[in-house]
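Sequence order for the protein chains is A and B. Using this note's numbering, you'd call the opening residue of the first sequence number 222 and step up by one each time. Using this note's numbering, you'd call the opening residue of the second sequence number 3 and step up by one each time. Ideal Cβ placement from N, Cα and C applies to all residues, glycine included. Predicted model only: the values in this text are computed from it and were never measured.
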Amino acid sequence: MDQANRPLSPHLQVYRPQMTSVLSIFHRMSGAGLWLGTVVLTYWLYATALGPEQYDIAQAIFGSWIGMLALLGWSFALFYHLCNGIRHLFWDAGYGYDLDTAARSGWAVMFATLVLTVIAWGIGLSAGAGS
Amino acid sequence: MNLRAPLQRVRGHGSAKEGVEHWWMQRLTAIALVPLTIWIVASLAFLAGASHAEMSAWIAHPGVGIFLVLLIVAVFYHAKLGMQVVIEDYVHAKAVKVTCLIANSFGAIFLAAICIYSVLKIAL
């Protein structure tokens, strides 16, 4: 067999998507997205270090509707990666491998992600409106 | 008959060329990031709309600045390890793969340096 043409993992396109496999690939996608989002947060922190003028510009960008939409996506990806990451840590410790548990923990991750995102934005929007 | 050289058998890694360092550090940073992530998101949510003076004062607080530096190190270490696996799995052309791996490492370290510099500039 030709070494260069041997099958390489992972073969996403040959399996029927299942809830667990979709959550699995979204863990990677959210992780990659968070890497890129961290570039934007680095800009924000650097702008804060530069002084009030640059900080106000950065705050205006994040406060615009495009900025808020990006922050919403970033926070959703972050909470998903956090919750599903904890699910992964339990697997690493040897727990939760049977199909029923894996399905239930998957739904729990989705539910927790939504709840945490709503709570964070509830706090953020009320704090932002108050100042 | 065992065709493996004695030295390779002693090292015990087979073709893996390394042990569990990558796997272990990814989990170690993940464990650290669970409380740190909840803390930073909650803090920034409460600080939404804060003035530059308020935000700077918060970052300059010792209890905040120290944990921000810890968060930055853990985030970029974890991000570098995670993105490395994604590149190794999906980028198959050797030259592109190595370029991506180098960019990933340099990028993570460079961003971490900017973040730590910024925290220190505000706090000190």
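* Stretch pair the stretch 47–65 of chain B + the stretch 94–113 of chain B: three plus CB contacts closer than 8 Å -> no
* To do: Kindly list, in the order they appear in chain A, the residues whose Cβ is closer than 8 Å to that of VAL88 (chain B).
  => Here residue 88 (chain B) refers to the residue found at position 86 of the second sequence. ARG249, GLY252, ALA253, listed in chain order.
* Asked: Mind checking if PHE48 (chain B) is an interface residue toward chain A, Cβ cutoff 9 Å exclusive?
  -> Walking along the second sequence from the start, residue 48 (chain B) turns up at place 46. So, interface residue.
* Between the stretch 47–69 of chain B and chain A, which residues of the former have CB atoms less than 9 Å from a CB of the latter, in chain order? -> ALA47, PHE48, LEU49, ALA50, GLY51, ALA52, SER53, HIS54, ALA55, GLU56, MET57, SER58, ILE61
* **MET222 (chain A) in three-state terms, based on DSSP** => Position 1 of the first sequence, counted from the start, is the residue given in the question as residue 222 (chain A). With a pLDDT of 47 at MET222 (chain A), under the threshold of 50, the modelled position of this residue cannot be trusted; read the value that follows with caution. Coil at MET222 (chain A), not helix or strand.
* To do: Determine the direct distance from the alpha carbon of GLN275 (chain A) to that of MET240 (chain A), and round the result to whole angstroms.
  => Here the question's residue 240 (chain A) lines up with position 19 in the first sequence. Here the question's residue 275 (chain A) lines up with position 54 in the first sequence. So the two alpha carbons sit approximately 44 Å from each other.
* Residue nearest to LEU262 (chain A) in terms of C-alpha spacing, selected from A:MET250, A:GLN280, A:ILE246 -> The sequence position of residue 262 (chain A) within the first sequence is 41, counting from 1. It is A:GLN280.
* With 9 Å set as the bound, which would you pick, yes or no: does the beta-carbon of SER296 (chain A) sit closer than that to a beta-carbon of chain B? -> To locate residue 296 (chain A), count along the first sequence from 1; it is residue 75. Yes, because at least one Cβ of chain B sits closer than 9 Å to the Cβ of SER296 (chain A).
* Asked: How would you list, in chain order, the residues of chain A whose beta-carbon sits under 7 Å from the beta-carbon of ALA32 (chain B)?
  -> One-based indexing of the second sequence puts residue 32 (chain B) at position 30. Under the 7 Å cutoff, chain A gives GLY306, LEU310.
* Could you list which residues in chain B have their beta carbon closer than 7 Å to that of PRO273 (chain A), in chain order? => Along the first sequence, one-based indexing puts residue 273 (chain A) at 52. Near PRO273 (chain A) (Cβ distances below 7 Å), the residues of chain B are HIS54.
* **Nearest to ILE246 (chain A) (by Cα), restricted to the options A:TRP312, A:THR334, A:TRP342, A:TYR301** => Walking along the first sequence from the start, residue 246 (chain A) turns up at place 25. Answer by Cα proximity: A:TYR301.
* TRP41 (chain B) and LEU73 (chain B) closer than 9 Å at C-beta -> Locating residue 41 (chain B) in the second sequence gives position 39, counting from the first residue. Locating residue 73 (chain B) in the second sequence gives position 71, counting from the first residue. Yes, they are a contact pair.
* Asked: Given a limit of 7 Å on CB to CB distance, which residues of the stretch 91–116 of chain B reach chain A?
  -> ASP91, HIS94, LEU113, ILE116
* Asked: Using a Cβ-Cβ distance under 9 Å, would VAL43 (chain B) count as near chain A?
  -> Counted from its first residue, the second sequence places residue 43 (chain B) at position 41. Chain A, which has a Cβ nearer than 9 Å to the Cβ of VAL43 (chain B), makes this yes.
* Mind the definition here: the stretch 288–302 of chain A touches the stretch 316–328 of chain A only if three or more C-beta pairs lie below 8 Å; say whether that holds. => no
* To do: Could you spell out where the alpha helix (DSSP H) holding HIS54 (chain B) opens and where it closes?
  => The residue labelled residue 54 (chain B) in the question sits at position 52 within the second sequence. It spans 54–62 - the alpha helix (DSSP H) in which HIS54 (chain B) sits, taken as one unbroken run.
* Fully enclosed by the stretch 311–351 of chain A, which alpha helix (DSSP H) runs are 4 residues long or longer? -> 320–351
* Beta-carbon separation (whole angstroms), ALA268 (chain A) vs PHE48 (chain B), contact threshold 8 Å -> Locating residue 268 (chain A) in the first sequence gives position 47, where the first residue counts as 1. Locating residue 48 (chain B) in the second sequence gives position 46, where the first residue counts as 1. Actually they are not in contact, since the Cβ atoms of ALA268 (chain A) and PHE48 (chain B) sit about 20 Å apart, beyond 8 Å.
* **Rounded straight-line distance, which links the Cα of ALA55 (chain B) to that of LEU303 (chain A)** => Numbered from its first residue, the first sequence carries residue 303 (chain A) at position 82. Numbered from its first residue, the second sequence carries residue 55 (chain B) at position 53. Looking at the two C-alpha atoms, the distance is approximately 31 Å.
* To do: Report buried or exposed for ALA314 (chain A), applying the criterion of at least 16 other Cβ atoms within 10 angstroms of its Cβ.
  => In the first sequence, the residue the question calls residue 314 (chain A) occupies position 93. Counting Cβ neighbours within 10 Å, ALA314 (chain A) comes out exposed, since fewer than 16 surround it.
* Alpha carbon to alpha carbon, how far is ALA81 (chain B) from SER120 (chain B)? -> Here the question's residue 81 (chain B) lines up with position 79 in the second sequence. Here the question's residue 120 (chain B) lines up with position 118 in the second sequence. So the alpha carbons of these two residues sit roughly 19 Å apart.
* Taking all protein chains shown into account, decide if THR322 (chain A) is buried (16 or more other Cβ within 10 angstroms of its Cβ) or exposed. => Residue 322 (chain A) sits at position 101 when you count from the first residue of the first sequence. Burial call: exposed.
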